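If you read the sequences in order, they're chains A and B. The opening position of the first sequence corresponds to residue 1 in full-length UniProt numbering, with each subsequent residue numbered one higher. The opening position of the second sequence corresponds to residue 1 in full-length UniProt numbering, with each subsequent residue numbered one higher. Each residue gets a CB set at the ideal place from its N, CA and C atoms; glycine is no exception. Keep in mind it's a predicted model, so treat the numbers as computed, not measured. One structure is given here, and the rest of the page talks about it.
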Amino acid sequence: MSTSRRSLPLLKTLIMGKTQRRTVTYMPRPGDGAPRPVTLIPGDGIGPLVTNAVEQVMEAMHAPVYFEKYEVHGDMNRVPKEVMDSIKKNEVCLKGGLRTPMGGGVSSLNVQLRKELDLYASLVNCCNLPGLPTRHENVDIVVIRENTEGEYSGLEHEVVPGVVESLKVITKFCSERIAKYAFEYAYLNNRKKVTAVHKANIMKLADGLFLESCREVATKYPSIKYNEIIVDNCCMQLVSRPEQFDVMVTPNLYGNLVANTAAGIAGGTGVMPGGNVGAEHAVFEQGASAGNVGKEKIVDQKKANPVALLLSSAMMLRHLQFPSFADRLENAVKRVISEGKYRTKDLGGDSTTQEVVDAVIAKLD
Amino acid sequence: MARRSIPFLKQLLTSPSSNLTPTRSVTYMPRPGDGAPRPVTLIPGDGIGPLVTGAVEQVMEAMHAPVYFERYEVHGDMKRVPLEVIESIKKNKVCLKGGLATPMGGGVSSLNVQLRRELDLYASLVNCFNLPGLPTRHENVDIVVIRENTEGEYSGLEHEVVPGVVESLKVITKFCSERIAKYAFEYAYLNNRKKVTAVHKANIMKLADGLFLESCREVATKYPGIKYNEIIVDNCCMQLVSKPEQFDVMVTPNLYGNLVANTAAGIAGGTGVMPGGNVGADHAVFEQGASAGNVGSEKLLEQKKANPVAVLLSSAMMLRHLQFPSFADRLETAVKRVISDGKYRTKDLGGTSTTQEVVDAVIAALD
Numbered sequence: 001m002s003t004s005r006r007s008l009p010l011l012k013t014l015i016m017g018k019t020q021r022r023t024v025t026y027m028p029r030p031g032d033g034a035p036r037p038v039t040l041i042p043g044d045g046i047g048p049l050v051t052n053a054v055e056q057v058m059e060a061m062h063a064p065v066y067f068e069k070y071e072v073h074g075d076m077n078r079v080p081k082e083v084m085d086s087i088k089k090n091e092v093c094l095k096g097g098l099r100t101p102m103g104g105g106v107s108s109l110n111v112q113l114r115k116e117l118d119l120y121a122s123l124v125n126c127c128n129l130p131g132l133p134t135r136h137e138n139v140d141i142v143v144i145r146e147n148t149e150g151e152y153s154g155l156e157h158e159v160v161p162g163v164v165e166s167l168k169v170i171t172k173f174c175s176e177r178i179a180k181y182a183f184e185y186a187y188l189n190n191r192k193k194v195t196a197v198h199k200a201n202i203m204k205l206a207d208g209l210f211l212e213s214c215r216e217v218a219t220k221y222p223s224i225k226y227n228e229i230i231v232d233n234c235c236m237q238l239v240s241r242p243e244q245f246d247v248m249v250t251p252n253l254y255g256n257l258v259a260n261t262a263a264g265i266a267g268g269t270g271v272m273p274g275g276n277v278g279a280e281h282a283v284f285e286q287g288a289s290a291g292n293v294g295k296e297k298i299v300d301q302k303k304a305n306p307v308a309l310l311l312s313s314a315m316m317l318r319h320l321q322f323p324s325f326a327d328r329l330e331n332a333v334k335r336v337i338s339e340g341k342y343r344t345k346d347l348g349g350d351s352t353t354q355e356v357v358d359a360v361i362a363k364l365d
Numbered sequence: 001m002a003r004r005s006i007p008f009l010k011q012l013l014t015s016p017s018s019n020l021t022p023t024r025s026v027t028y029m030p031r032p033g034d035g036a037p038r039p040v041t042l043i044p045g046d047g048i049g050p051l052v053t054g055a056v057e058q059v060m061e062a063m064h065a066p067v068y069f070e071r072y073e074v075h076g077d078m079k080r081v082p083l084e085v086i087e088s089i090k091k092n093k094v095c096l097k098g099g100l101a102t103p104m105g106g107g108v109s110s111l112n113v114q115l116r117r118e119l120d121l122y123a124s125l126v127n128c129f130n131l132p133g134l135p136t137r138h139e140n141v142d143i144v145v146i147r148e149n150t151e152g153e154y155s156g157l158e159h160e161v162v163p164g165v166v167e168s169l170k171v172i173t174k175f176c177s178e179r180i181a182k183y184a185f186e187y188a189y190l191n192n193r194k195k196v197t198a199v200h201k202a203n204i205m206k207l208a209d210g211l212f213l214e215s216c217r218e219v220a221t222k223y224p225g226i227k228y229n230e231i232i233v234d235n236c237c238m239q240l241v242s243k244p245e246q247f248d249v250m251v252t253p254n255l256y257g258n259l260v261a262n263t264a265a266g267i268a269g270g271t272g273v274m275p276g277g278n279v280g281a282d283h284a285v286f287e288q289g290a291s292a293g294n295v296g297s298e299k300l301l302e303q304k305k306a307n308p309v310a311v312l313l314s315s316a317m318m319l320r321h322l323q324f325p326s327f328a329d330r331l332e333t334a335v336k337r338v339i340s341d342g343k344y345r346t347k348d349l350g351g352t353s354t355t356q357e358v359v360d361a362v363i364a365a366l367d
């Protein structure tokens, strides 16, 4: 009996002591608190719903960002010039998905945006969120995917009626810069291993060139382990032993598949954050399956999952060097997920987007 | 109830330093090229300066941090800081320094103060907080003292009116008061701090400290989400030693800031462990937080038992300033582990280790 009297207060402090506090702080430069403009593209389908969620949370936090909103829809021919100018001025953009019409020769505006701004690295961070049960534990994978060439070059033609050729282009320039980015990312984020995903046993020259570039860059980072894995084996390993992967660098198509698989095993594409970065600009959006605009029914019922975009906007806040706001946002979102009361349909719950947003705002400190 | 809580308690207690390992799984997406090494000017200084800055160099080496140091010898008995050093700091924009010994009296101005003036490092920041595992008489201390660094009582304008009578001018300007108040509120905003306290003695120095207070009040109206209050400096010192948990961010003019910072550092564990730095619009100089001009005693220097923790934590602040948050986290975690373990502590923390032993322990604790 006396042990319970002694242990309960200690238990209380230990449990409550899990709130993160950064006591050695960030010494900003004078003027760092000035509000930064960010281009906002709500997009189609569930896009406006989830980007609006981000706007509400930023408002509640009094974050030093303000959004310049532009309407872009997937059925436009090109991304409007004023939107491109705005992104070039602000250097940072947050967007929802843009619907890509199937077939018909109209290229995806999502891809067009990335190509025009030369956002050559796409990054998705797939990790288990505490409190969200999945079949796989200890998943913490960052997939860095080349974003501009490869199978997505968009170079297709019909040789003769009934025969179509599609060109996959791999260049040393692009492979080198994506490998450099992946190793630099691993170095700056204290990651231990980079894995290159390829199919060079079949596409000996194309993926062989990619691998060569990765190996070259690996020699410059001797403290980071480097290995290679063939993409089919990779997919199998992902679903059986995902904890062996840390940072993965891939060409365009494999990256798409690997990122979505990793997102799926770690909790679903509705919760994984990510973004696209180039030398000068950065566009943040839902991590995996970024062009996804949801189904009609989800839009009608307003039950889209805002978590992915909220966590991506936290990455955006870090990119803009507001780490304290990013921490607050992430902590609030993680608390809501771990409590489990407000979850949208893809996580097994029944809440609407607005209920989740309200819960996140309530948990901000 | 005991049967239910004890196993849970055991699990929580034995989870190895779970509150000390920060796991950041939503990561920082760097720009390409962010990993390129950055040059930092290093001024070892006098006394224990070279010892503790040497400690920082060793730890940076062990972490493979993307910084490299350009070292310059500056000593307190020089008349001015050499031009090449100032040029180097202006080029690199970031500097790490040990203390420079200031000769007592004699009209030679302190080189520490001279450096801050010349680079217009108008804000001095000291973060005083309890380190886990280091017992002190005061708990829950987490105070950031932001001190105006260029004017006030340290203007250096003194003259002997008649033999035996000296006047010393304390200069307070609206310009400097406004910018330090702006910096303090901006700091609080960016670091999720809830309260800013202005420290003053305006009941006596009605015009000088009154002007300082006016500027603080003006800036406070622009940050409605942050509480603002004022406290007279003598009451402040008393409150610091009786109820330190009431203070969050404190903004002060030059002299009070010096005293308040050293007091706060003392109650939280000593000036040997508190990090800090000086920042201006273009440059930043990182050094031991409180009592920065301290060069230690002869005996400390001979036995090589100076405490490197303050400069190590300041260099972690420097890594954040250079936008390398992951390295900063690793360094801070390693230092905190060493302190909380308690095996390697220098004399001011109650132990008997040498500087090198503490550095080796920190390097071993890096992950």
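Where residue i falls: helix, strand or coil (DSSP)
i        : result
B/His283 : coil
B/Val335 : helix
A/Glu228 : strand
B/His321 : helix
A/Ser345 : Just to set this straight, residue 345 of chain A is Lys in the shown sequence, not Ser. Here A/Lys345 sits in helix by DSSP.
B/Ile180 : helix
B/Gly54  : helix
B/Thr21  : Here the model assigns B/Thr21 a pLDDT of 41, short of 50, so the residue's position is not dependable, and the following value carries that caveat. Of the three classes helix, strand and coil, the one that applies to B/Thr21 here is coil, per DSSP.
B/Val161 : strand
A/Arg114 : helix
A/His157 : strand
B/Gln288 : strand
B/Thr136 : coil
Anticipated Cβ contact below 8 Å, residue i with residue j, distance rounded
i                      : j        : result
B/Pro32                : A/Glu228 : With 8 Å as the limit, B/Pro32 and A/Glu228 do not qualify as a contact, their Cβ atoms being about 22 Å apart.
B/Ala268               : B/Gly277 : Not a contact, Cβ separation roughly 17 Å.
A/Asn110               : A/Leu98  : 5 Å
B/Val141               : B/Glu230 : Incorrect: roughly 21 Å between the Cβ atoms, too far for contact.
B/Ile43                : B/Tyr122 : Actually they are not in contact, since the Cβ atoms of B/Ile43 and B/Tyr122 sit about 20 Å apart, beyond 8 Å.
residue 447 of chain A : A/Ile170 : A question about residue 447 of chain A goes unanswered here, because the residues of chain A that appear run from 1 up to 365.
B/Leu100               : B/Asn112 : 5 Å
A/Gln112               : A/Val79  : 6 Å
B/Ala306               : B/Ala316 : Not confirmed; about 18 Å, so no contact.
Candidates the options: closest to residue i by CA position
i                      : options                                   : result
B/Ile339               : B/Arg320, B/Val145, B/Pro325 and B/Leu313 : B/Leu313
B/Gly257               : B/Gln246, B/Gly269, B/Ile232 and B/Gly272 : B/Ile232
A/Arg241               : A/Gly294, A/Ser312, A/Glu137 and A/Arg99  : A/Glu137
A/Cys235               : A/Ala196, A/Met203, A/Lys225 and A/Gly208 : A/Ala196
A/Glu151               : A/Asp140, A/Pro80 and A/Asp207            : A/Asp207
B/Gln288               : B/Val199, B/Cys128, B/Val251 and B/Gln114 : B/Cys128
residue 410 of chain B : B/Val40, B/Met104 and B/Gly98             : Residue numbering for chain B in the displayed model covers 1 to 367; residue 410 of chain B lies beyond these limits and cannot be assessed.
A/Cys174               : A/Phe284, A/Asn201 and A/Cys214           : A/Cys214
A/Val299               : A/Thr352, A/Leu329 and A/Val336           : A/Thr352
Rounded straight-line distance, which links the Cα of residue j to that of residue i
i                      : j        : result
A/Glu296               : A/Gly45  : 7 Å
A/Gly31                : B/Ala184 : 11 Å
B/Gly49                : B/Phe175 : 34 Å
B/Gly280               : B/Ser177 : 14 Å
B/Val59                : A/His62  : 38 Å
residue 408 of chain A : A/Gly162 : Residue 408 of chain A is absent from the structure shown; chain A starts at 1 and stops at 365.
B/Leu96                : B/Glu218 : 34 Å
A/Glu243               : A/Ala262 : 11 Å
A/Arg22                : B/Ala264 : Because A/Arg22 sits at a pLDDT of 48, beneath the cut-off of 50, its placement in the model cannot be relied upon, and the point is left open.
B/Lys182               : B/Leu211 : 14 Å
B/Gln303               : B/Gly54  : 15 Å
C-beta atoms of residue i and residue j nearer than 9 Å
i        : j        : result
A/Cys309 : A/Gly74  : As written in the sequence, residue 309 of chain A is Leu, which differs from the Cys given in the question. Their beta carbons are not under 9 Å apart, which means A/Leu309 does not touch A/Gly74 by this criterion.
B/Tyr68  : B/Pro325 : no
A/Val142 : A/Val159 : no
A/Arg145 : A/Tyr254 : yes
B/Pro66  : A/Asn189 : no
A/Gly274 : A/Met248 : no
B/Pro308 : B/Val56  : yes
A/Cys126 : A/Gly267 : yes
A/Val164 : A/Leu320 : no
B/Val199 : B/Val126 : no
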